[in-house]
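Chemist: What follows is a structure written as structure tokens; I'll ask about it next.
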Amino acid sequence: SQQGEEDPQALSIQEGENATMNCSYKTSINNLQWYRQNSGRGLVHLILIRSNEREKHSGRLRVTLDTSKKSSSLLITASRAADTASYFCATDAVTNAGKSTFGDGTTLTVKP
Amino acid sequence: DGGITQSPKYLFRKEGQNVTLSCEQNLNHDAMYWYRQDPGQGLRLIYYSQIVNDFQKGDIAEGYSVSREKKESFPLTVTSAQKNPTAFYLCASRNTGLGSPLHFGNGTRLTVT
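Top line first, the protein sequences correspond to chains P and E.
Residue 1 is where the first sequence starts when you use this note's numbering, and the numbers rise one by one after that.
Residue 1001 is where the second sequence starts when you use this note's numbering, and the numbers rise one by one after that.
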């Protein structure tokens, strides 16, 4: 079964708006990572947050992690049409750190 | 340039035939992974290998086989026993340190008719 579940499944916004997507997971983790996938391509790593961290920033990306709720959020500020893609969270569980488990992703459409 | 190469990009096979998907990396990563992605869905782990000559089953290994004879290469064979092989297959690699990110190839889209 999938470890992570993203919410919403699809999100459509105007350029310049902020986009927030959420990820929930089931087991204790060492870290959580967010990836981006353009249509028909491989995934690209965006940002990692460790289990002892609560918030991280990278450019227009802000990630939060709440281990008590087993959830994370990815915020993209001032979105651009080029941000249109699918976004996935992936967790490395404490019990099997060599194996990353992905959620079903959020498809983001940014309209120019 | 360092990276992961998957070939071919598109592959067509008849039902009942085995087919091997290629994955090569020049990133000097110890760990390599195969994922399957169906339309509109996330990635499901087929097999992974953390060191040469060793590999483990993922969540959906039935109907697939792998080998890891070289650090750079992790080919995936989709056998005729795989009941629904049409999918997008992604190969990835990473260092084995905790929290190392996965680096992905651009995938092979396999269609079996």
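Where a beta carbon is used, it is the ideal one built from N, C-alpha and C, also for glycine.
1) Flag this pair as yes or no: are the beta carbons of residue 31 of chain P and residue 50 of chain P separated by less than 9 Å?
2) If we ignore side chains and look at the alpha-carbon of each, how far apart do residue 1008 of chain E and residue 69 of chain P end up?
3) Applying the criterion that 16 or more other CB atoms from any shown protein chain within 10 Å of the CB defines a buried residue, is residue 1015 of chain E buried or exposed?
4) Does the segment 90 to 101 of chain P come into contact with the segment 1041 to 1051 of chain E, if we say contact requires no fewer than three beta-carbon pairs (one atom in each stretch) closer than 8 Å?
5) With a cut-off of 9 Å, does the C-beta of residue 1088 of chain E fall near any C-beta of chain P?
6) Within the continuous beta strand (DSSP E) that includes residue 1102 of chain E, where are the two ends?
7) DSSP beta-bridge partners for residue 1043 of chain E?
8) Of the choices E/1059, E/1047, E/1061 and E/1082, whose alpha-carbon is the least far from that of residue 1068 of chain E?
9) Could you tell me which whole beta strand (DSSP E) segments of length 3 or greater appear in the segment 6 to 40 of chain P?
10) Would you verify that the beta carbon of residue 30 of chain P is, or is not, closer than 9 Å to some beta carbon of chain E?
11) Assign residue 114 of chain P to one of three DSSP states: helix, strand, or coil.
12) Taking all protein chains shown into account, do 16 or more other C-beta atoms lie within 10 angstroms of the C-beta of residue 1097 of chain E, making it buried, or fewer, making it exposed?
13) Report yes or no: is there a C-beta of chain E within less than 9 Å of the C-beta of residue 83 of chain P?
14) Per DSSP, what are the beta-bridge partners of residue 1057 of chain E in this structure?
15) Which residue comes first and which comes last in the beta strand (DSSP E) that contains residue 68 of chain P?
16) Would you please state the rounded distance, in angstroms, between the beta carbons of residue 1021 of chain E and residue 1006 of chain E? I believe it to be under 8 Å.
17) Do residue 12 of chain P and residue 109 of chain P come within 9 Å of each other at the CB atom, strictly closer than that value?
18) Can you list, in chain order, the residues of the segment 32 to 46 of chain P whose Cβ is nearer than 8 Å to any Cβ on chain E?
Modeler: Taking the definition as stated:
1) Mapped onto the first sequence, residue 31 of chain P falls at position 31. Mapped onto the first sequence, residue 50 of chain P falls at position 50. Yes.
2) Along the second sequence, one-based indexing puts residue 1008 of chain E at 8. Along the first sequence, one-based indexing puts residue 69 of chain P at 69. So the alpha carbons of these two residues sit roughly 42 Å apart.
3) Within the second sequence, residue 1015 of chain E is the residue found at index 15, counting from 1. Flag for residue 1015 of chain E reads exposed.
4) Of all C-beta pairs linking the segment 90 to 101 of chain P to the segment 1041 to 1051 of chain E, three or more are shorter than 8 Å, placing the two stretches in contact.
5) Residue 1088 of chain E sits at position 88 when you count from the first residue of the second sequence. Using a Cβ-Cβ cut-off of 9 Å, residue 1088 of chain E counts as an interface residue toward chain P, since at least one Cβ of chain P sits closer than that to its own.
6) Along the second sequence, one-based indexing puts residue 1102 of chain E at 102. Taken as a continuous stretch (DSSP letters only), residue 1102 of chain E belongs to no beta strand (DSSP E), as it is neither H nor E.
7) Residue 1043 of chain E sits at position 43 when you count from the first residue of the second sequence. Beta-bridge pairing links residue 1043 of chain E to E/1037.
8) Counting from 1 along the second sequence, the entry for residue 1068 of chain E is found at position 68. The shortest C-alpha separation from residue 1068 of chain E is found at E/1047.
9) Along the length of the segment 6 to 40 of chain P, whole beta strand (DSSP E) runs at least 3 residues long occupy 10 to 14, 19 to 24 and 29 to 37, reported in chain order.
10) One-based indexing of the first sequence puts residue 30 of chain P at position 30. True, the Cβ-Cβ gap to chain E drops below 9 Å.
11) Lying outside 1 to 112, the shown extent of chain P, residue 114 of chain P is not represented and no answer is given.
12) Working through the second sequence from its first residue, we reach residue 1097 of chain E at position 97. Residue 1097 of chain E is exposed by the Cβ-count criterion.
13) The residue given as residue 83 of chain P occupies position 83 in the first sequence. No, because no Cβ of chain E sits closer than 9 Å to the Cβ of residue 83 of chain P.
14) Position 57 of the second sequence holds residue 1057 of chain E. BP columns for residue 1057 of chain E point to E/1047.
15) If you number the first sequence from 1, residue 68 of chain P lands on position 68. Note, residue 68 of chain P: premise wrong, no beta strand (DSSP E); not H, not E.
16) Residue numbering aside, residue 1021 of chain E sits at position 21 when the second sequence is read from its first letter. Residue numbering aside, residue 1006 of chain E sits at position 6 when the second sequence is read from its first letter. With 8 Å as the limit, residue 1021 of chain E and residue 1006 of chain E qualify as a contact, their Cβ atoms being about 7 Å apart.
17) On the first sequence, position 109 is the one that residue 109 of chain P refers to. On the first sequence, position 12 is the one that residue 12 of chain P refers to. Taking 9 Å as the Cβ cut-off, residue 109 of chain P and residue 12 of chain P qualify as a contacting pair.
18) Residues of the segment 32 to 46 of chain P whose Cβ lies closer than 8 Å to any Cβ of chain E, in chain order: 33, 35, 40, 41, 42, 43, 44 and 45.
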